[in-house]
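Number of protein chains: 2
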Amino acid sequence: MSSTSPKLALFEQFALVAKTLGHPQRLELIEQLGQGPRHVDLLADKLGLPIANVSQHLQAMRRAGLVAAERQGKYVIYRLASPDVLAAVQAIQQVAEANLAEVGRVVRGYFYQRDCLEPISRDELQSRLRDGTVTVLDVRPADEYALGHVPGALNVPLGELEARLSALDPAQEVIAYCRGPYCVMSFEAVARLRQMGFSARRLQDGMPEWAAAGQPVES
Amino acid sequence: MSSTSPKLALFEQFALVAKTLGHPQRLELIEQLGQGPRHVDLLADKLGLPIANVSQHLQAMRRAGLVAAERQGKYVIYRLASPDVLAAVQAIQQVAEANLAEVGRVVRGYFYQRDCLEPISRDELQSRLRDGTVTVLDVRPADEYALGHVPGALNVPLGELEARLSALDPAQEVIAYCRGPYCVMSFEAVARLRQMGFSARRLQDGMPEWAAAGQPVES
DNA sequence: GCGATAATCAATAATTACATTGAATCGTTG
DNA sequence: CAACGATTCAATGTAATTATTGATTATCGC
Numbered sequence: 010m011s012s013t014s015p016k017l018a019l020f021e022q023f024a025l026v027a028k029t030l031g032h033p034q035r036l037e038l039i040e041q042l043g044q045g046p047r048h049v050d051l052l053a054d055k056l057g058l059p060i061a062n063v064s065q066h067l068q069a070m071r072r073a074g075l076v077a078a079e080r081q082g083k084y085v086i087y088r089l090a091s092p093d094v095l096a097a098v099q100a101i102q103q104v105a106e107a108n109l110a111e112v113g114r115v116v117r118g119y120f121y122q123r124d125c126l127e128p129i130s131r132d133e134l135q136s137r138l139r140d141g142t143v144t145v146l147d148v149r150p151a152d153e154y155a156l157g158h159v160p161g162a163l164n165v166p167l168g169e170l171e172a173r174l175s176a177l178d179p180a181q182e183v184i185a186y187c188r189g190p191y192c193v194m195s196f197e198a199v200a201r202l203r204q205m206g207f208s209a210r211r212l213q214d215g216m217p218e219w220a221a222a223g224q225p226v227e228s
Numbered sequence: 010m011s012s013t014s015p016k017l018a019l020f021e022q023f024a025l026v027a028k029t030l031g032h033p034q035r036l037e038l039i040e041q042l043g044q045g046p047r048h049v050d051l052l053a054d055k056l057g058l059p060i061a062n063v064s065q066h067l068q069a070m071r072r073a074g075l076v077a078a079e080r081q082g083k084y085v086i087y088r089l090a091s092p093d094v095l096a097a098v099q100a101i102q103q104v105a106e107a108n109l110a111e112v113g114r115v116v117r118g119y120f121y122q123r124d125c126l127e128p129i130s131r132d133e134l135q136s137r138l139r140d141g142t143v144t145v146l147d148v149r150p151a152d153e154y155a156l157g158h159v160p161g162a163l164n165v166p167l168g169e170l171e172a173r174l175s176a177l178d179p180a181q182e183v184i185a186y187c188r189g190p191y192c193v194m195s196f197e198a199v200a201r202l203r204q205m206g207f208s209a210r211r212l213q214d215g216m217p218e219w220a221a222a223g224q225p226v227e228s
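Sequence order for the protein chains is X and R. FYI, the numbering for the first sequence is 10 to 228, going by this note's numbering. FYI, the numbering for the second sequence is 10 to 228, going by this note's numbering.
What follows is the structure in structure tokens.
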């Protein structure tokens with residue numbers, strides 16, 4: 010009566026995708042890969058995990074159709090299999106934020122407490138970039154900046170923020186961004202900048218989403 | 010330097026959501042709940058699983074913020090925690106369909122082979138319903154029809170299709186729908202109707218998506 | 001209150017997922 | 001072609017998931 014065999018086969022494949030997403034460090038890998046293709050060593054370094062472990066996670070994700078790999082010289086470069094992957098992760102985050110009490114608590118308590126202002130949208134930033142009325146700050150580590158950033162953005166990693174304040178024009182609004190909606194770095198940067206008397210705001214989401222939205226990337 | 014503690018806590022919650030989605034029969038439960046709230050017994054019956062098993066799956070999903078439960082008399086009624094849940098499942102299905110060879114094969118081979126025509130969109134069906142120029146067929150089992158269906162739709166379960174052909178006006182186009190994009194029933198119905206000389210098409214997706222899109226539901 | 005029905009809980013055994021270790025490939029570079 | 005670096009593979013023990021069973025709680029109708 011109902012469809013049994015092909016349907017189960019499909020659902021098992023869907024489940025494989027979801028199950029493979031169901032691991033915090035694999036989500037972190039996706040966050041990294043969302044910023045651009047990376048090789049295994051670098052990813053292992055970023056996550057602070059043994060290389061073999063990361064390699065196995067990446068292979069599991071490859072089997073689930075989440076990432077793709079390509080050999081380049083002695084490196085194996087991994088990248089997201091398609092932009093759909095980021096969309097799926099975002100959809101899951103949305104469910105968690107809406108329905109899991111703890112997530113809501115952390116997000117509202119730890120994140121938004123430090124930033125009562127609305128973030129600036131990607132489109133708005135684009136147009137203000139053309140006008141030249143903003144300073145854009147990429148507060149990620151230097152290597153992530155090097156692999157792709159918003160055109161014209163200055164790379165000022167969080168740790169160097171205070172030391173490099175003098176490079177900023179106090180008259181211009183500062184827009185900070187980092188890895189994505191659940192990365193605290195841009196929140197932290199905005200909070201500190203405001204304390205210093207700057208007019209500062211966050212960019213909506215972060216780098217992976219900027220690239221995924223088809224905005225230009227400079228490297 | 011980077012955010013460690015609150016971020017890991019968040020990612021673990023996200024992973025919990027994804028991991029909980031990573032089970033074929035839990036996806037089936039979500040498909041059922043996407044059609045409307047249900048109690049445990051009925052769900053167990055639909056899936057052909059022991060009640061205790063379904064109950065445990067439902068509780069796991071409740072812990073992950075996917076479903077919500079409410080006691081009504083001696084029944085416990087479960088429902089999707091939010092429409093986001095369907096969106097997340099769809100995003101995962103999209104990843105699977107795009108990047109997993111086997112899924113693409115099954116979908117194209119088993120499903121689309123039987124339906125070379127484009128499905129009709131929800132909005133188009135709405136407007137043609139107002140004009141009265143279509144017959145809408147709900148080919149799901151009677152009990153699922155009873156719990157909510159497209160206004161004006163006739164309930165003709167697949168098994169009874171041939172027996173009830175006479176009730177259809179051969180001059181009108183027939184639109185069939187069932188549980189969703191990966192349910193074969195409407196494909197099957199359309200194929201048989203065409204063989205009988207009817208002009209038949211599928212509705213895009215199915216009931217859960219119809220309801221999730223805010224379209225009217227009759228019960 | 002007493003059965004009857006709906007659902008959950010508790011305990012188990014089987015399976016699967018995971019991190020870790022050290023060895024084995026693969027490609028480059030001297 | 002040998003040595004090296006990047007990655008994968010294979011094997012291990014541990015932990016987490018899962019289905020199943022039977023017992024237990026909650027609610028209704030009488």
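Glycine is no exception: its CB is placed at the ideal position from the N, C-alpha and C atoms.
Next on the checklist: Which runs of the beta strand (DSSP E) at least 3 residues long sit entirely within the region 180-212 of chain R? Give them in chain order.
Outcome noted: 182-186 and 209-211
Item to check | Range of the contiguous beta strand (DSSP E) that encloses Glu-79/X | outcome: 76-81
Item to check | Rounded Cβ spacing between Gly-74/X and Asn-164/R (contact assumed at less than 8 Å) | outcome: Contact doesn't hold; Cβ gap of about 37 Å is too wide.
Checklist entry - Counting along the chain, where does the beta strand (DSSP E) carrying Asp-147/R start and finish? => result 143-147
Checklist entry - Touch check for the region 18-29 of chain R and the region 191-204 of chain R: three-plus C-beta pairs under 8 Å? => result no
Next on the checklist: Using 9 Å as the threshold, is the C-beta distance between Leu-212/R and Val-145/R below it?
Outcome noted: yes
Checklist entry - Looking only at its own chain, which residues have a Cβ that is under 7 Å from the Cβ of Arg-88/R, when we skip the five neighbours before and after it? => result Leu-42, Pro-46, Val-76 and Ala-77
Item to check | Cutoff 9 Å: His-32/X Cβ touching any chain R Cβ | outcome: yes
Next on the checklist: Using C-beta distances below 6 Å, list every residue in its chain close to Ala-1/X, excluding the 5 sequence neighbours before and after it, in chain order.
Outcome noted: Residue 1/X lies beyond the residue range present for chain X, which begins at 10 and ends at 228; the question has no answer from this structure.
Checklist entry - Under 9 Å between C-beta atoms, does Ile-184/R make it to chain X? => result no
Checklist entry - Rounded to whole angstroms, how far is the Cβ of Lys-16/X from the Cβ of Tyr-191/R, which I believe are closer than 8 Å? => result 6 Å
Item to check | DSSP beta-bridge partners of Leu-89/X | outcome: Val-76/X
Checklist entry - With a cut-off of 9 Å, does the C-beta of Pro-15/X fall near any C-beta of chain R? => result yes
Checklist entry - So is Asp-147/X buried or exposed if we call it buried at 16+ other beta carbons inside 10 Å? => result buried
Item to check | Simplified DSSP assignment, three categories, for Leu-163/R | outcome: strand
Checklist entry - Interface residues of chain R around Val-115/X at Cβ under 7 Å? => result Pro-15, Ala-18 and Leu-19
Item to check | Beta-carbon gap between Arg-161/X and Met-216/X smaller than 9 Å | outcome: It is worth fixing the name first, because residue 161/X is Gly in this sequence and not Arg. Cβ atoms of Gly-161/X and Met-216/X: not closer than 9 Å.
Item to check | Contact set between the region 182-209 of chain X and chain R, restricted to residues whose Cβ is under 7 Å from the partner | outcome: Tyr-191, Cys-192, Val-193 and Met-194
Checklist entry - In chain order, what residues of the same chain lie with their CB nearer than 7 Å to the CB of Glu-106/X, ignoring the 5 residues before and after it? => result Val-112, Gly-113 and Val-116
Next on the checklist: Less than 9 Å between CB atoms is the rule here; does Ile-101/X satisfy it with respect to chain R?
Outcome noted: yes
Next on the checklist: Using a Cβ-Cβ distance cut-off of 9 Å, determine whether Asn-62/X contacts chain R.
Outcome noted: no
Item to check | Residues that DSSP places opposite Arg-131/X in a beta bridge | outcome: Answer is none; Arg-131/X lacks a bridge partner.
Checklist entry - If you measure from the beta carbon of Asn-164/X to each beta carbon in chain R, is any gap under 9 Å? => result no
Checklist entry - Can you list the residues of chain X that Asp-93/R reaches, using a CB-CB cut of under 8 Å? => result Ala-100, Gln-103, Val-104, Ala-107 and Asn-108
Checklist entry - Any C-beta of chain X sitting closer than 9 Å to the C-beta of Arg-173/R? => result no
Item to check | Inter-residue CB distance, Ala-27/X and Leu-56/R (contact presumed, cutoff 8 Å) | outcome: Not really, about 18 Å apart at Cβ, beyond 8 Å.
Checklist entry - Is Gly-57/X near the ligand MN, judged by its Cβ being under 8 Å from some heavy atom? => result Among the components of this structure there are no ligands whatsoever, and the ligand MN is therefore not found.
Checklist entry - With 16 as the cutoff for other CB atoms within 10 Å, does Met-205/R come out buried or exposed? => result exposed
Next on the checklist: Taking a contact to mean a Cβ-Cβ separation below 9 Å, would you say Leu-25/X touches Arg-72/X in this structure?
Outcome noted: yes
Item to check | Residue from Gln-103/X, Asp-152/X and Leu-167/X whose Cα sits closest to the Cα of Ala-90/R | outcome: Gln-103/X
Checklist entry - Under 9 Å between the Cβ atoms of Gln-34/X and His-66/X? => result yes
Item to check | Own chain residues within Cβ distance below 7 Å of Leu-126/R, not counting five before or after | outcome: Arg-210
Next on the checklist: So, at 8 Å on beta carbons, what are the nonlocal neighbours of Ala-110/R in its own chain, with the 5 sequence-adjacent residues on each side left out?
Outcome noted: none
Checklist entry - How about Val-94/R and Leu-134/R: do their beta carbons lie closer than 9 Å? => result no
Checklist entry - In angstroms, rounded to a whole number, what distance separates the CA positions of Arg-137/X and Gln-181/X? => result 11 Å
Checklist entry - Which value, in whole angstroms, describes the spacing of the CA atoms of Ala-155/X and Pro-92/R? => result 39 Å
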